[in-house]
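Peer 1: Going letter by letter, the sequence shown gives residues 14 to 811 in our numbering.
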Amino acid sequence: MRKDEAKFVTNFFSEAGTRSQNNDYFGYVQLDNYAIWVISDGYDAEEGAAIAAKLAVESAIEYFMLRPRFNTAVIKEMIDYANLKIKERQEETERYSLMHTSLLIVISNYNAILYGNVGNTRLYHMRGGYIISQSRDDSIAQLLVDEGALDTRDIKFHRQRNDLLQAIGDFGKIKPNIIRTPITLQENDILCLTTIGFWENIDEREMEVELSRQPDQKSWMDSLEKSVIATLRDEVENYTMAVVKIEKVASPEPIEKDQKRFWIKIGLISLGILLIILVLTFWNINKRNSIMKRATNYEQQADDELVKKNFNNSVDDLKLVIGEYERLKPKSRGIIGFFVNANARRTKVQNMINNVKNRIVQTEKLAMAFQNINQGNELFNNGRYDDATQKYQSAKFILSENSYKRDELNTNEVLTTLDSRIQSASKLKEAQAIETAGNQAFSAGNFNLAKENYKTASEMYLTNGRADYVTSIERKIAEINEKEKTAYNGAMLTENRGDLLSTSDTNKSREAYYQARQMYQTLGDTVKTQEIDNKIQELNSKQMSSIQTANNLVQEGLNHITANKPAEAITLLSKAKTIYQELGDSNNVANANKFIAQAQDFIKLESQKDKQLKDVEKRLSDQLKEQQIKSTQQLQQEKIQAEQKIRAKEAEIEAQRNAIEQEKQRREKIAENIQNATNLEIQAEQMFNLKRYTESITKYNESKQIFETLKASGDFDDQTNKIEYLSQKISKVEGYLYEEQGDEEYKKKNWQESVKKYQMSLDDMKLVGESNEIQKRVEKKLKKATSKANKKWWQFWK
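(1) I'd like to check one pair, Ser-27 with Asn-35: are the Cβ atoms closer than 8 angstroms?
(2) If I follow the unbroken alpha helix (DSSP H) through Ser-726, where does it start and stop?
(3) Starting from Lys-378, follow the beta strand (DSSP E) in both directions and report where the run begins and ends.
(4) Of the residues Ser-416, Val-374, Tyr-123, Ala-86, which one's Cα is nearest the Cα of Lys-278?
(5) For Thr-244, which residues of its own chain have a beta-carbon under 6 angstroms away from its beta-carbon, when the five flanking residues on both sides are left out?
(6) Can you give the Cα-Cα distance for Gln-403 and Gly-389, rounded to whole angstroms?
(7) State the CB to CB distance for the pair Phe-25 and Met-305, rounded to an integer number of angstroms; the pair is presumed to be in contact (CB under 8 angstroms).
(8) Between Thr-584 and Glu-595, what straight-line distance do the alpha-carbon atoms span, to the nearest angstrom?
(9) What does the alpha-carbon distance come out to for the pair Gly-132 and Glu-101?
(10) Since Glu-219 contacts Trp-233 with CB under 8 angstroms, what's their CB separation in whole angstroms?
(11) Tell me which residues share the same chain as Asn-466 and place their Cβ nearer than 8 angstroms to its Cβ, disregarding the 5 neighbours each side in the sequence.
(12) Are the CB atoms of Ala-65 and Thr-114 nearer to each other than 8 angstroms?
(13) Report yes if the C-beta distance between Tyr-76 and Tyr-94 is below 8 angstroms; otherwise report no.
(14) Can you find at least 3 beta carbon pairs, one from the segment 132-147 and one from the segment 275-294, that sit closer than 8 angstroms?
(15) Out of Glu-747, Ser-726, Leu-750, Gln-718, which has the shortest C-alpha to C-alpha gap to Lys-735?
(16) Specify the secondary structure class of Val-262 as computed by DSSP and reduced to three states.
(17) Taking the Cβ atom as the reference point for each residue, do Gly-503 and Tyr-526 lie within a distance shorter than 8 angstroms?
(18) One question on the structure: do Ser-225 and Gly-142 come within less than 8 angstroms of each other, judged by their Cβ atoms?
(19) Which stretch, first to last residue, makes up the alpha helix (DSSP H) that contains Met-822?
(20) Starting from the Cα of Tyr-338, find the closest Cα among Thr-309, Asn-803, Ile-411 and give me that residue.
(21) Would you give the residue range spanned by the alpha helix (DSSP H) that Ala-408 belongs to?
(22) Throw me the rounded Cβ distance for the Ile-508 and Ile-545 pair, which I believe falls under 8 angstroms.
(23) Can you give the Cα-Cα distance for Gly-748 and Tyr-474, rounded to whole angstroms?
(24) Sort out for me which residues DSSP pairs Arg-140 with in a bridge.
(25) Under a Cβ-count criterion, where at least 16 other Cβ atoms within 10 Å of its own Cβ denotes burial, should Glu-18 be classed as buried or exposed?
(26) For Met-473, which three-state DSSP category applies?
(27) Quick one, which of Glu-721, Lys-239, Gln-696 has its alpha-carbon nearest Thr-711's?
(28) What residues match up with Arg-135 in a beta bridge as DSSP calls it?
(29) Output yes or no for whether 8 angstroms exceeds the beta carbon distance between Tyr-706 and Val-746.
(30) Taking the alpha-carbon positions, what's the Lys-761 to Thr-691 distance?
(31) Considering only DSSP beta bridges, list what Phe-26 is partnered with.
(32) Tell me which residues share the same chain as Arg-358 and place their Cβ nearer than 7 angstroms to its Cβ, disregarding the 5 neighbours each side in the sequence.
(33) Write down the C-beta distance between Asn-10 and Asn-130 rounded to the nearest angstrom, noting that I regard them as a contact closer than 8 angstroms.
(34) Hey, quick one: how far does the beta strand (DSSP E) through Val-42 stretch, first residue to last?
(35) For Asn-395 and Lys-409, I'd like the C-alpha separation in whole angstroms.
(36) Go ahead and pull the three-state DSSP assignment for Ser-33.
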């Protein structure tokens with residue numbers, strides 16, 4: 014046995030330093046013909062570091078003891094086996110999923126050594142009291158040394174000395190640092206296996222100096238441990254040092270070559286591949302089931318959010334579904350992909366993703382539709398019925414075309430509500446116009462017309478869900494009633510004044526009656542108007558009767574004068590005078606006085622001749638006839654004037670009624686025109702969505718023409734904003750039309766014509782402020798067409 018020929022003495026120490034736990038681990042075995050030393054350093058920042066270090070050492074020794082050999086292959090196999098064991102523990106326990114460790118393995122045939130390491134555990138080979146070689150670290154600091162940017166002795170001071178490029182437990186493939194040529198040992202050689210907690214606190218020269226000072230190996234190791242503890246660093250990592258003193262070596266032996274190694278390796282690899290395939294198959298099945306379960310949950314969440322109308326949340330959940338489906342796509346390509354049918358599986362998954370993307374598009378459309386509904390409701394509540402109708406129509410178009418989740422979202426009920434809202438908006442706009450007409454009538458004092466308009470508008474407001482507007486109208490009607498009450502009081506006072514004057518001053522009484530009659534007509538009270546007409550007629554009849562009585566008295570008085578009864582004539586003429594005075598007929602009063610004076614003169618002239626008497630009688634008779642004719646003509650003239658006033662007032666009332674009817678017809682015509690214009694605008698928007706741009710432009714122009722006609726006629730509010738809005742729409746559609754025409758010309762290779770169309774499209778897009786994405790798209794096409802148009806024939810050939 015080679016072990017008896019040689020003498021290898023192993024000692025070590027391992028402490029936690031300033032840390033709470035020691036994550037270093039060391040182990041070794043000396044067999045009959047071979048020996049192995051293994052040291053590991055678990056990564057302190059990760060849970061399970063101590064477990065990883067111990068498992069790595071035990072796995073390597075376990076593997077070596079099963080079939081000990083002295084070659085580089087076994088070192089590689091041990092490191093891979095340790096790495097596999099670590100990863101198995103990572104998968105078994107989630108809390109240890111990140112644990113890693115550095116690992117150094119040294120094997121010997123008692124004449125030479127081979128070693129390999131991963132991480133920053135380090136081996137020093139000392140001979141004659143000096144370090145003649147050391148292992149290579151897997152750190153960024155070591156890379157700087159390899160590049161000549163850092164000295165080997167300065168690694169321990171570099172801040173990236175512990176930033177490892179690889180470690181046992183990494184998911185990827187491990188490439189250990191294994192020496193290819195065995196190192197032949199000599200008597201008194203020393204092998205030092207260390208972790209970073211030791212070598213970063215001990216200088217290599219200090220190791221050499223202390224070795225020369227101390228009498229034996231034990232003292233040397235104690236001295237080095239004290240130096241580690243006495244370091245100036247604030248923290249000392251776990252430190253471990255294992256020393257192998259070679260006091261005697263065995264005879265040389267060539268590196269073992271295993272004749273069956275190739276076939277065993279093939280067998281093991283095949284078995285491993287089979288196991289891996291089985292493991293991966295079950296793992297993929299579990300992974301796929303897990304992914305499908307999560308995707309199903311996300312889809313259910315998306316449906317729930319959609320029903321709650323949380324569309325953004327629904328879209329986010331559907332995007333998570335796509336993310337899960339993306340994980341189902343196989344990565345295999347080439348021959349492996351062919352055997353596992355990867356292309357077909359990718360196509361199937363892509364179809365599933367496309368279905369989800371389609372759901373996202375439908376959900377975003379629904380989000381836009383309900384956003385338009387909410388905005389329409391806000392505009393509706395603010396009285397902007399044209400804008401509200403536009404929003405409702407847009408939402409209605411989207412929901413009518415949509416077949417996605419119709420039942421869950423009660424789409425049919427929503428569409429019914431939208432139709433009702435659109436109709437209500439039209440009626441409410443008409444009601445506002447009628448209310449405005451009522452305000453104008455109220456300002457003009459035409460209370461009846463104002464009340465009629467207010468009542469009509471109030472009924473339309475109530476019918477179409479705007480009861481809040483009715484309160485304002487009721488206040489206006491109450492104000493009209495108050496003014497009517499005041500006007501009635503004035504009319505009644507005027508009528509009473511006419512009644513009082515009817516017995517004393519017929520003319521003033523008649524004038525008061527006419528004033529009262531006009532006031533009642535303004536108030537629309539036909540009953541009182543007729544009563545006043547009757548009073549005027551009665552007053553006229555009474556006046557005619559009184560005049561006739563007075564005329565008869567005058568005639569009878571004149572007859573008495575003629576009959577030579579002047580005293581009786583004076584009595585009769587005095588009564589006639591009183592009647593004339595009561596009627597306010599000053600002319601006839603003067604005539605009566607004149608007749609009385611003449612009668613008095615007649616008494617005085619009784620003694621005169623009969624001829625003079627006959628002359629007087631004849632003159633009086635002529636005067637009487639003239640006076641009678643004059644009084645009769647005056648009464649007829651007053652009657653004619655009264656009748657003319659009555660007819661004029663009736664004509665005025667009829668004109669007001671005609672004006673009301675014409676106003677209604679005008680408002681109905683305006684409402685019909687606006688509805689037609691709105692329908693044309695909606696049709697234009699639908700044509701635009703169907704990419705029938707020419708028809709869309711025609712519809713927008715027809716709608717715009719209606720609003721321009723309304724603006725020019727002055728029959729409606731200023732429609733400048735609406736006309737400008739439609740002009741913007743037309744320019745936008747023209748931009749898309751020019752783009753489409755440019756595409757057609759480009760396909761026909763009419764480069765110059767396509768450049769013109771794309772430029773016109775881009776100008777329109779910028780004019781209407783279309784999105785940057787659309788403008789960039791057209792700019793890209795324009796640039797491409799311009800490039801084609803500017804090429805020469807030989808450039809096309811090239």
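Glycine included, every Cβ here is placed at the ideal spot set by N, Cα and C.
Peer 2: Taking the geometry as given:
(1) yes
(2) 706-726
(3) It is not in any beta strand (DSSP E) - Lys-378 instead sits in the alpha helix (DSSP H) that spans 355-394.
(4) Ala-86
(5) Asn-214
(6) 8 angstroms
(7) Incorrect: roughly 53 angstroms between the Cβ atoms, too far for contact.
(8) 17 angstroms
(9) 20 angstroms
(10) Incorrect: roughly 11 angstroms between the Cβ atoms, too far for contact.
(11) Ile-447, Glu-448, Ala-450, Gly-451, Ala-454
(12) yes
(13) yes
(14) no
(15) Gln-718
(16) coil
(17) no
(18) yes
(19) Coverage of the chain is limited to positions 14 through 811, which leaves residue 822 absent and any answer about it impossible.
(20) Thr-309
(21) 398-414
(22) Looking at the sequence shown, residue 508 is not Ile but Glu. About 7 angstroms separates the two Cβ atoms, so the contact holds.
(23) 42 angstroms
(24) Tyr-143
(25) exposed
(26) helix
(27) Gln-696
(28) Thr-207
(29) yes
(30) 38 angstroms
(31) Met-254
(32) Pro-343
(33) This structure leaves residue 10 out entirely; the chain is present only between 14 and 811.
(34) 37-43
(35) 21 angstroms
(36) coil
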